[in-house]
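Comments concern the structure below.
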Amino acid sequence: MPTWEDIARDHGRFLYTVAYRLTGNHDDAQDLVQEVLLRVRRGLATFTPGSLEGWLSRITTNAFLDDVRKRKRRPLEVVPDLPDALVGVDADPEAALAAQRLPDDVQDALRALPPDFRAPLVLCDVVGLDYAEIATTLDIPPGTVRSRIHRGRALLRKALTA
Amino acid sequence: MMPHPGDLLSAYADGELSATERATIDDHLITCPTCRQELAATTEAKSWVTSLPEVLPPFGFYERMLLDPAGGRARRRARATRIGVVGLAATASIWLGVLALSGLDGRRPSGVPALNSLVSLHDQSQSQPDTTTDQAVAMQRATGLGLPQQVDDYVLSDVIDRGREQQAVYRDGDLALSIFLYQRYEIDPSELPAAAVEREVAGRAAWIVPGADGPMLVTQIGQDAVIFVGGDTQSSVAGDVDPHTPGRSMLDRMEGAGEGLLQAFGLG
Numbered sequence: 238m239p240t241w242e243d244i245a246r247d248h249g250r251f252l253y254t255v256a257y258r259l260t261g262n263h264d265d266a267q268d269l270v271q272e273v274l275l276r277v278r279r280g281l282a283t284f285t286p287g288s289l290e291g292w293l294s295r296i297t298t299n300a301f302l303d304d305v306r307k308r309k310r311r312p313l314e315v316v317p318d319l320p321d322a323l324v325g326v327d328a329d330p331e332a333a334l335a336a337q338r339l340p341d342d343v344q345d346a347l348r349a350l351p352p353d354f355r356a357p358l359v360l361c362d363v364v365g366l367d368y369a370e371i372a373t374t375l376d377i378p379p380g381t382v383r384s385r386i387h388r389g390r391a392l393l394r395k396a397l398t399a
Numbered sequence: 538m539m540p541h542p543g544d545l546l547s548a549y550a551d552g553e554l555s556a557t558e559r560a561t562i563d564d565h566l567i568t569c570p571t572c573r574q575e576l577a578a579t580t581e582a583k584s585w586v587t588s589l590p591e592v593l594p595p596f597g598f599y600e601r602m603l604l605d606p607a608g609g610r611a612r613r614r615a616r617a618t619r620i621g622v623v624g625l626a627a628t629a630s631i632w633l634g635v636l637a638l639s640g641l642d643g644r645r646p647s648g649v650p651a652l653n654s655l656v657s658l659h660d661q662s663q664s665q666p667d668t669t670t671d672q673a674v675a676m677q678r679a680t681g682l683g684l685p686q687q688v689d690d691y692v693l694s695d696v697i698d699r700g701r702e703q704q705a706v707y708r709d710g711d712l713a714l715s716i717f718l719y720q721r722y723e724i725d726p727s728e729l730p731a732a733a734v735e736r737e738v739a740g741r742a743a744w745i746v747p748g749a750d751g752p753m754l755v756t757q758i759g760q761d762a763v764i765f766v767g768g769d770t771q772s773s774v775a776g777d778v779d780p781h782t783p784g785r786s787m788l789d790r791m792e793g794a795g796e797g798l799l800q801a802f803g804l805g
């Protein structure tokens, strides 16, 4: 069982990055990391042999969603409208360059996603978990993981190409 | 022709489909420009997120939390964080310091795991000069941080990535000097201990912070916080113009030292 001093020293940046991508701002990221380390310290999170960062990601995401539900910032069941169709990608290099997005813009768009869509996207594309791991982490069916990731990306694209 | 795969396109892009499912979608994509476009759009959206950079925690964040796990949040929100200073035992000719956020308002903490571990790390840096990072790696890291390989008789010995800060260690024989770089951290003067003295050093705001074993220099260089240091008080590296004049305080001497340090390391 890693101590939280070990976690802070060896995985502090990773943990903070996941927390920041989930919450979208430094204040909430710090609160979230603190909550994660408190859970680790209190033994509320049982370490299972395997990827330490995967384990930390699960604790972080659950703490994040618990907090979202507690605060009731946004109704979790609200699903925004999807665009009718995704805009195609032009093969033109100049258009491809123009299609690049600044990290802050991407983070803003990520933060604007409903938490239930943001969490699987972060677990997939920031942490690198596979769909089965994401389903276990979030306690949702694999089909729901698949649809939330796809819809999340569609919403990101809608926000960043508007 | 199969219906548009829809949600399956992200699973396809993520390599989450079985070989059979993948083959079916491959067939569909050949004849469906709409789905080819959607797959490209999905892949692009994925790349935006996967290419997001690592985010560094604020300066001293973990130290502060490790020292006071339950109270850190409340204090942070109250913007009443304090910085404590702990000095390190050193040889008579060396002063080597580390500044750590502690919430202890300058009192020298004892028995605090985080600070003890920092002290231990510095002791290791000082006492085990030949067991550190591969020299070529250290050189590469120093170059990346804009630090020189050598300053006068002090030669770069190691650059240690500690997660929340980078520590560059320079040595001259038994003497050691450390520089701590906290990237993307803006110093808040209210975080500094009351004993910190603000001085303009090489045209930039800096604070001289007395420590148990010698003063430290804290300054802002661009987006980064830089905390010096160590070294011997008689070296030109320390920039001490008059180290042994009776009646001059260490802080007086440090005023010149700060400028000398920044200039010597190309930061002034």
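Which chain is which? The protein sequence lines are A and B, in order.
The first sequence runs 238 to 399 under our numbering.
The second sequence runs 538 to 805 under our numbering.
Think of the CB as a built atom: it goes at the ideal place given N, C-alpha and C, for glycine as much as any other residue.
Nothing here was measured: the structure is a model prediction, and the numbers come from that model.
Could you tell me the alpha carbon to alpha carbon distance between residue i and residue j, rounded to whole angstroms?
i	j	result
residue 360 of chain A	residue 691 of chain B	46 Å
residue 550 of chain B	residue 350 of chain A	21 Å
residue 239 of chain A	residue 303 of chain A	23 Å
residue 706 of chain B	residue 695 of chain B	5 Å
residue 779 of chain B	residue 245 of chain A	Low confidence applies here, because residue 779 of chain B scores a pLDDT of 40, under 50, leaving its location unreliable; read the following figure in that light. Cα-Cα distance, rounded: 42 Å.
residue 386 of chain A	residue 293 of chain A	21 Å
residue 743 of chain B	residue 377 of chain A	52 Å
residue 759 of chain B	residue 681 of chain B	15 Å
residue 570 of chain B	residue 539 of chain B	14 Å
residue 544 of chain B	residue 554 of chain B	12 Å
residue 710 of chain B	residue 588 of chain B	44 Å
residue 248 of chain A	residue 275 of chain A	15 Å
residue 305 of chain A	residue 754 of chain B	42 Å
residue 284 of chain A	residue 295 of chain A	11 Å
residue 266 of chain A	residue 565 of chain B	42 Å
residue 398 of chain A	residue 583 of chain B	14 Å
residue 320 of chain A	residue 716 of chain B	Residue placement at residue 320 of chain A is flagged as unreliable, the pLDDT there being 42, under the threshold of 50; a coordinate-derived value is accordingly withheld.
residue 560 of chain B	residue 257 of chain A	38 Å
residue 595 of chain B	residue 264 of chain A	10 Å
residue 396 of chain A	residue 698 of chain B	37 Å
residue 714 of chain B	residue 734 of chain B	21 Å
residue 579 of chain B	residue 383 of chain A	12 Å
residue 721 of chain B	residue 562 of chain B	45 Å
residue 279 of chain A	residue 598 of chain B	20 Å
residue 736 of chain B	residue 677 of chain B	32 Å
residue 738 of chain B	residue 381 of chain A	58 Å
residue 289 of chain A	residue 243 of chain A	11 Å
residue 675 of chain B	residue 703 of chain B	11 Å
residue 590 of chain B	residue 298 of chain A	19 Å
residue 345 of chain A	residue 542 of chain B	29 Å
residue 241 of chain A	residue 745 of chain B	32 Å
residue 708 of chain B	residue 592 of chain B	31 Å
Could you tell me how far apart the beta carbons of residue i and residue j are, in whole angstroms, since I believe they sit closer than 8 Å?
i	j	result
residue 252 of chain A	residue 277 of chain A	That belief does not hold up - the Cβ atoms of residue 252 of chain A and residue 277 of chain A are roughly 10 Å apart, past 8 Å.
residue 261 of chain A	residue 348 of chain A	3 Å
residue 255 of chain A	residue 364 of chain A	6 Å
residue 762 of chain B	residue 724 of chain B	5 Å
residue 368 of chain A	residue 556 of chain B	No, residue 368 of chain A and residue 556 of chain B are not in contact; Cβ-Cβ is about 16 Å, not under 8 Å.
residue 375 of chain A	residue 357 of chain A	6 Å
Looking at the unbroken beta strand (DSSP E) that takes in residue i, where does it start and where does it end?
i	result
residue 692 of chain B	691-698
residue 737 of chain B	734-738
residue 705 of chain B	703-709
Just to confirm the assignment, what range does the alpha helix (DSSP H) spanning residue i have?
i	result
residue 760 of chain B	Taken as a continuous stretch (DSSP letters only), residue 760 of chain B belongs to no alpha helix (DSSP H), as it is neither H nor E.
residue 342 of chain A	340-349
residue 279 of chain A	Segment: none, residue 279 of chain A is in no alpha helix (DSSP H) and carries neither H nor E.
residue 357 of chain A	352-359
residue 250 of chain A	241-260
residue 586 of chain B	570-587
residue 555 of chain B	Element bounds for residue 555 of chain B: n/a, residue is neither H nor E.
residue 591 of chain B	Residue 591 of chain B -> no alpha helix (DSSP H), and no H or E assigned at all.
residue 365 of chain A	Unbroken run through residue 365 of chain A: none, as it is neither H nor E.
residue 457 of chain A	The question about residue 457 of chain A has no answer, for chain A in this structure spans 238 to 399.
residue 724 of chain B	Counting along the chain, residue 724 of chain B falls outside any alpha helix (DSSP H), and DSSP gives it neither H nor E.
residue 543 of chain B	Unbroken run through residue 543 of chain B: none, as it is neither H nor E.
residue 378 of chain A	From DSSP, residue 378 of chain A is part of no alpha helix (DSSP H); its letter is neither H nor E.
residue 677 of chain B	672-682
Kindly examine the ligand FMN and report whether one of its heavy atoms sits closer than 7 Å to the Cβ of residue i.
i	result
residue 246 of chain A	This structure does not include the ligand FMN; it has no bound ligands of any sort.
Please confirm if the segment 574-584 of chain B is in contact with the segment 384-396 of chain A, defined as three or more CB-CB distances below 8 Å between the two stretches.
-> Flag = yes, the segment 574-584 of chain B and the segment 384-396 of chain A touch.
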